[in-house]
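Okay, so here's the structure we're looking at.
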Amino acid sequence: MGKKKLVVLTGAGMSAESGISTFRDSGGLWEKYNVEDVASIEGWHRNPALVQEFYNARRKQLVTVQPNDGHRALAALEQDYDVRIITQNVDNLHERAGSTQVLHLHGELMKVRSTRDESRIYELTPDHCEITMESRDEYGDTMRPHIVFFGEAVPMIEPAIELTEQADIYVVIGTSLNVYPAAGLLHYVRRGTPIYLIDPQPVNAPAGMNIHFIAKGATQGVAELIELLKK
Ligand code: APR
791 MGKKKLVVLT GAGMSAESGI STFRDSGGLW EKYNVEDVAS IEGWHRNPAL VQEFYNARRK
851 QLVTVQPNDG HRALAALEQD YDVRIITQNV DNLHERAGST QVLHLHGELM KVRSTRDESR
911 IYELTPDHCE ITMESRDEYG DTMRPHIVFF GEAVPMIEPA IELTEQADIY VVIGTSLNVY
971 PAAGLLHYVR RGTPIYLIDP QPVNAPAGMN IHFIAKGATQ GVAELIELLK K
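In the working numbering, the protein residues as written are 791 to 1021.
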């Protein structure tokens, strides 16, 4: 028999114990920055230099932090399960922890792309992780963060829905479920599929679903999940 498909939807709380701020907790990023200015398509058109500066700062922080034990435990679960991660996070901590199947719904911080041809995507390195409006790619074009800005379509939502529909076990970690379409994914979980939700705070999950809440941070929460899966 093949391995069971364990689909995990992660949000900012997954990386909180690595030292990356969440967005909506107190002290979160959206208290310090105006989301419309730095992370929306209108903001990008208004002041692209400010948007570049914001993502440069995020990258400079990302290269200094490490995956946490929660990321690592999810990667290790690949031994026993067909683990598919759907992440709203733009960091690369799942990959750096060893997860091999990671779908990024909101883009990837360490990538940029041509503003003229969106199929030209470039991977940045820890040593060269900043771009400005003066930077040019090999075709002489400006580049933008490979990020889904607010106000833009979410192209990866279709494959994420498909994965969600195929799940034998569904796990949600560290997301306030405020941002759509990601927050709507739970509606695609097949009836009867066990759902686990790991978050130290109560989360507004859709009513009427049989969700097993694990009220812990990601690291401890994933450890508890693994114990529960063994039973
Ligand atoms: N472990 C697990 N969860 C945690 C931890 C932790 N150590 N610390 C905080 N959390 C939880 C919070 O309780 C909250 O429910 O993580 C969640 C973070 O929620 P948000 O800050 O809203 O982040 P997220 O849901 O990922 O945001 C979705 O919004 O701004 C955008 O594009 C951005 O992808 C992001 C999207």
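Beta carbons are placed, not taken as given, at the ideal position from N, Cα and C, and that holds for glycine.
On a predicted model such as this, the values are computed, not experimentally measured, just so you know.
Taking only heavy atoms of the ligand APR into account, decide whether any of them is closer than 7 Å to the Cβ of Q878. For Q878, the shortest C-beta to heavy atom distance toward the ligand APR is below 7 Å.
From the DSSP secondary-structure annotation, give me the bridge partner or partners of P935. V902
Taking one C-beta from the segment 923-939 and one from the segment 949-958 each time, how about it: are there three or more such pairs within less than 8 Å? no
Spatial distance of A887 from G809 (CA atoms): 15 Å
Element boundaries [alpha helix (DSSP H), containing Y871]: From DSSP, Y871 is part of no alpha helix (DSSP H); its letter is neither H nor E.
Helix, strand or coil, according to DSSP, for G897 in the structure here? Three-state result, G897: strand.
From the DSSP output, in three-state form, read off E885 for me. helix
Would you mind stating whether N879 and G974 have Cβ atoms separated by less than 8 Å? no
CB of G888 to nearest heavy atom of the ligand APR: below 7 Å? no
Below 8 Å between beta carbons: does that hold for L883 and P916? no
Residues bridged to T877 (per DSSP): T800 and H894
Please tell me whether, using a cut-off of 7 Å, the distance from the CB of D881 to the nearest non-hydrogen atom of the ligand APR is below it. No, the beta carbon of D881 sits no closer than 7 Å to any heavy atom of the ligand APR.
For F1003, the first and last residue of its enclosing beta strand (DSSP E): I1001 to I1004
Take G897 and list the residues in its own chain whose beta-carbon comes closer than 6 Å to its own, dropping the five residues that flank it on each side. V880, H936, I937 and V938
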